[in-house]
Every structure is written in structure tokens, then in C-alpha cells.
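Here the UniProt record's numbering is used: the first residue of the sequence shown is 1, the next is one more, and so on. This report refers to the structure that appears directly beneath it.
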Amino acid sequence: MGASNFTQVISVGVVSFLTGYYVHQWLNSKSSRPRTRSSIRKVTSSSEESTEESFEEDSDDEGIDINSTSLNEIPGEVRMTLVVRQDLKMGKGKAAAQCSHATLALYKKITNPQSDAYNPDMVRRWEYGNGQAKITLQVPNEDEMDTLFAQAISLGVNAYVVHDAGRTQIAAGSATVLGLGPAPKLVLDQITSELKLY
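Structure (C-alpha cells):
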């Protein structure tokens, strides 16, 4: 590996670490505030059949809209990645419902003309280029999920964390699935290449 490649790898690592650290600190400061019904858009799931309610909480992690238009120049397959937490021991149906919430939330972000995340070119590539490809991966715990979230933001990839309503298998407010994209596979692999399939 050349010196310039090594320097680039170190630079990306440092930037990712610092971004993750500061996003984590910011998210922790937000989550200590009391819950409200009007502060942000949040999807929650109340059962494995993916019943949705409009429970909203003052935690701005899901409200960050990223302008991903710079990724339009990157060639290749465009996909969405859904990262499922393993420490929660969700059933397959529960995990499927949570993944559905993440998919819909990301799609709403990227197709909303009033959102900073609006990117119709990326949507077209994802929808028509390879049939709305999605991949599900697993992450061991919430800390690792937070790190992936920060890496995605630092690379210009939209990210969304689904929190559960807590009516069935897991505690209310638990971060269950991290949705990433749609974005070029080349960029998503920089974030998730170490993860195993779910």
C-alpha cells in the first residue's frame, strides 16, 4: 500500500471516528430530554404485523436529512441497506416489520421535494436500475449501529434509525434497524463491508 493510500485510509478513519463521536454525544444530549408529540418524524412499530402509530419522540437522529446528490456521479448498482440489531433477539417477523419501516422512511426522505435529502436521480437509479435492491445485514449492538450511522452521515448517505413502540417483544424506544440509502453499493460497502448477512 502506497504512502498516499495509507494517508487516505487514516484520514477517513479519523474523520469517521470524530464524526461518530460527536454525533453520538449530540444524540445522547437529545435523548435526555422529555418526550413530546410534535418534535420530529419517527416511525415506530407496535407489532410483528407492522401496525404503525404516530408516536413521536424528541430524538433528532432520524430527522437528519443528507444531501446525497454528490453520490450521483458514482457509477454502479444503487441499493438500500438495512442493518438489524442482534442483541435484541427479535423474531424474524418483527425484524421484517422494522426493516419495512426503515425502507419506507428512507424512501419518503429521498422523494420529498421539501427535504434536503431529495434526490430524484438516485431514486430513479434505485427503482429502475436494479429493481429497488435491498440487503439486510446484522450488527451486534446499538453502539455499533451508532457508529455506522455516523459513518453514513460523514459519507453523504441518508440514514434512518427505527425505534420500536415496545408493545410486543422489546422495550419501548429501542433502536431496532438502521436503514441506509438508497446509495451506490460502492459507498455503502465502505460503511458495511465488515457486517454479515442477516
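The beta carbon of each residue, even a glycine, is placed where N, CA and C say it ideally should be.
- Note that the C-beta distance between Lys89 and Gln138 is not below 9 Å.
- C-alpha of Ser68 to C-alpha of Asn119: approximately 7 Å in a straight line.
- A straight line joining the alpha-carbon of Val157 with that of Ala175 spans about 19 Å.
- Distance check between Ser193 and each of Val83, Gly76 and Lys108 places Val83 closest, using alpha-carbon atoms only.
- Arg79 sits away from Val177, with the two beta carbons spaced by 9 Å or more.
- Separation of the CB atoms of Leu180 and Met122 is rounded to 12 Å, and the pair is thereby denied contact status at 8 Å.
- When Gly129, Ser115, Lys92 and Asp87 are compared, the shortest CA-CA separation from Ala183 is found for Gly129.
- Scanning its chain for C-beta atoms nearer than 8 Å, with the 5 sequence neighbours on each side dropped, one finds around Asp116 the residues Asp65, Ile66 and Asn67, in chain order.
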